[in-house]
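Chemist: My questions all concern the structure below.
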Amino acid sequence: ITTVGICLGILTFTGQLMAQNVVSVQEDSPTFSKDVAPIFYAKCVRCHRPGEVAPMSLITFRDVRPWARSIQEKVTTREMPPWHANRQYGTFRNDLSLTQPQIDTIVSWAMSGAHEGNPADLPQRTALPDGWQIGIPDIVFEMPVDYHVPATGTVEYQHFEVPTNFTEDRWMQAGEARAGDRAHVHHIVMYIRDPEARSRPKVLSVKPIFPSGHQPTPPIRPRSSEAGTRSRPSGGDAMLVNWAVGEDAPIHAPGTAKLIPAGSTLIFQVHYTTDGEPGIDRSKFGLIFADE
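Per this note's numbering: the sequence shown = residues 5 to 296.
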């Protein structure tokens with residue numbers, strides 16, 4: 005009896021030590037609420053939230069927990085957040101890439117059990133506008149017709165002209181192209197066609213260069229069900245805004261803006277990809293005018 009009692013006492017004492025050790029490990033490990041959520045709110049939720057282009061939301065612990073190991077893999081390989089500038093050159097104000105300490109925090113959190121922690125530790129999330137990254141636009145333009153994306157095959161670059169009807173020069177402080185059919189729109193480039201042949205700085209009038217395999221070809225004529233004018237951008241057209249998955253909309257610093265001359269025409273250049281299902285797209289472009 006005495007021996008049994010001693011053994012039970014040893015087991016109880018050992019169990020208490022083990023429990024204390026587990027608690028200690030959990031307390032020392034990163035948690036979603038305190039350590040991971042601030043990183044996601046700063047670098048991820050602009051795209052990873054309802055209504056935006058990313059495939060899942062990363063706002064709440066319930067949203068994030070099923071993806072913990074996948075997130076660990078993507079941040080370790082730096083596939084996410086998408087940022088392709090060469091790290092050896094310069095710093096950028098819109099850099100969404102993670103620092104190594106941030107990556108280490110996320111990896112440690114995932115490998116230690118991906119715990120929620122105390123919900124009271126959640127930081128205040130910056131309010132983001134629904135539907136637009138730049139905020140509510142001053143004016144919105146959209147493609148003049150619906151484009152019917154086929155289920156299969158390669159779709160040539162499509163071009164849609166939209167007159168601005170501006171009676172005076174305007175300056176764009178921020179601009180954003182929004183894909184109407186996100187399943188099939190690969191990217192959008194917005195050009196300005198100036199009605200006058202004026203001298204423009206080369207930085208605004210350089211002919212676009214496309215990656216290998218993405219060189220635009222002469223546009224397909226609209227089908228009978230698609231009214232509207234289409235023409236390719238020329239070397240004199242100025243690129244205004246471009247959008248692709250993971251790219252944030254340009255919001256220019258105070259004192260800087262892009263000129264949209266009176267009478268200009270907007271050109272939507274849209275690249276569609278097929279995925280086995282047909283689609284219908286009518287993409288939009290919103291802009292905010294500079295105050296001065």
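Note that beta-carbon positions come from the ideal geometry of N, C-alpha and C, so glycine has one too.
Can you tell me the Cα-Cα spacing of CYS51 and THR103, whole angstroms?
Modeler: Cα-Cα distance, rounded: 19 Å.
Chemist: Grouping DSSP H, G and I as helix and E and B as strand, with all else coil, what is ALA46?
Modeler: If DSSP states are grouped into helix, strand and coil, ALA46 belongs with the helices.
Chemist: Can you tell me whether ASP185 is helix, strand or coil according to DSSP?
Modeler: Coil.
Chemist: Return helix, strand or coil for TRP113, following the three-state DSSP convention.
Modeler: The answer is helix: DSSP assigns TRP113 an H, G or I state.
Chemist: Less than 8 Å between the beta carbons of PHE170 and SER268, yes or no?
Modeler: Yes, the pair counts as a contact, with Cβ atoms nearer than the cut-off.
Chemist: Have a look at SER287, ILE110, TRP87, ILE107 and flag the residue whose alpha-carbon is nearest the alpha-carbon of LEU100.
Modeler: Minimum Cα distance to LEU100 is reached at TRP87.
Chemist: Hey, which unbroken runs of the alpha helix (DSSP H) at 4 residues or more fall wholly within the segment 99-181?
Modeler: Segments of the alpha helix (DSSP H) lying fully in the segment 99-181: 104-115.
Chemist: Just the C-alpha distance for ARG73 and CYS48, rounded to the nearest angstrom, thanks.
Modeler: The straight-line gap from Cα to Cα measures roughly 16 Å.
Chemist: List the endpoints of the continuous alpha helix (DSSP H) containing ILE75.
Modeler: Counting along the chain, the alpha helix (DSSP H) containing ILE75 begins and ends at 72-80.
Chemist: Can you find the residues in the same chain that come closer than 6 Å, C-beta to C-beta, to VAL159, ignoring five residues on each side of it along the sequence?
Modeler: Taken in chain order, the residues that qualify are TYR276.
Chemist: Considering only C-alpha positions, which residue in the set ILE107, HIS190, MET84, ALA155 is nearest to GLY283?
Modeler: The residue with the shortest Cα to Cα distance from GLY283 is ALA155.
Chemist: Count the other CB atoms, across all protein chains shown, that sit within 10 Å of the CB of GLY179; report buried if there are 16 or more and exposed otherwise.
Modeler: So GLY179 counts as buried.
Chemist: Taking 7 Å as the line, does the beta carbon of ASN169 fall inside it for any heavy atom of the ligand MG?
Modeler: This structure simply doesn't include the ligand MG, nor any ligand for that matter.
Chemist: So, using beta-carbon positions, are THR80 and ILE43 closer together than 8 Å?
Modeler: No. Outside cutoff.
Chemist: Give me, in chain order, the residues of the same chain whose beta-carbon lies closer than 7 Å to that of VAL189; leave out the 5 immediate sequence neighbours on both sides.
Modeler: Contacts found: ALA183, VAL274, TYR276, ASP285, SER287.
Chemist: Put ASP32 into one of helix, strand or coil per three-state DSSP.
Modeler: Reduced to three states, the DSSP call for ASP32 is helix.
Chemist: Taking TYR45 as the reference, which of HIS256, PHE272, GLN128 has the closest Cα?
Modeler: Among HIS256, PHE272, GLN128, the Cα nearest to that of TYR45 belongs to GLN128.
Chemist: Can you check whether the CB of ALA253 is closer than 8 Å to the CB of GLN137?
Modeler: Yes, these two residues count as a Cβ contact at 8 Å.
Chemist: Can you round the beta-carbon distance between LEU244 and PRO141 to whole angstroms, since I take them to be within the 8 Å contact cut?
Modeler: LEU244 to PRO141, Cβ: 14 Å. No contact.
Chemist: Identify which residue in GLU120, ARG82, GLY94, ILE271 has its Cα closest to the Cα of ILE63.
Modeler: Comparing Cα positions, the closest option is GLU120.
Chemist: Taking the C-alpha atoms as reference points, what is the distance between PRO34 and ILE110?
Modeler: Cα to Cα, the separation comes out at about 8 Å.
Chemist: Distance, Cα to Cα, ALA41 vs ALA266?
Modeler: Spanning the two alpha carbons is a distance of roughly 45 Å.
Chemist: Tell whether a beta-carbon distance below 8 Å holds between GLY55 and ASP134.
Modeler: Closer than 8 Å, so yes.
Chemist: In terms of residue numbering, what span does the alpha helix (DSSP H) encompassing VAL68 cover?
Modeler: First-last of the alpha helix (DSSP H) with VAL68: 65-68.
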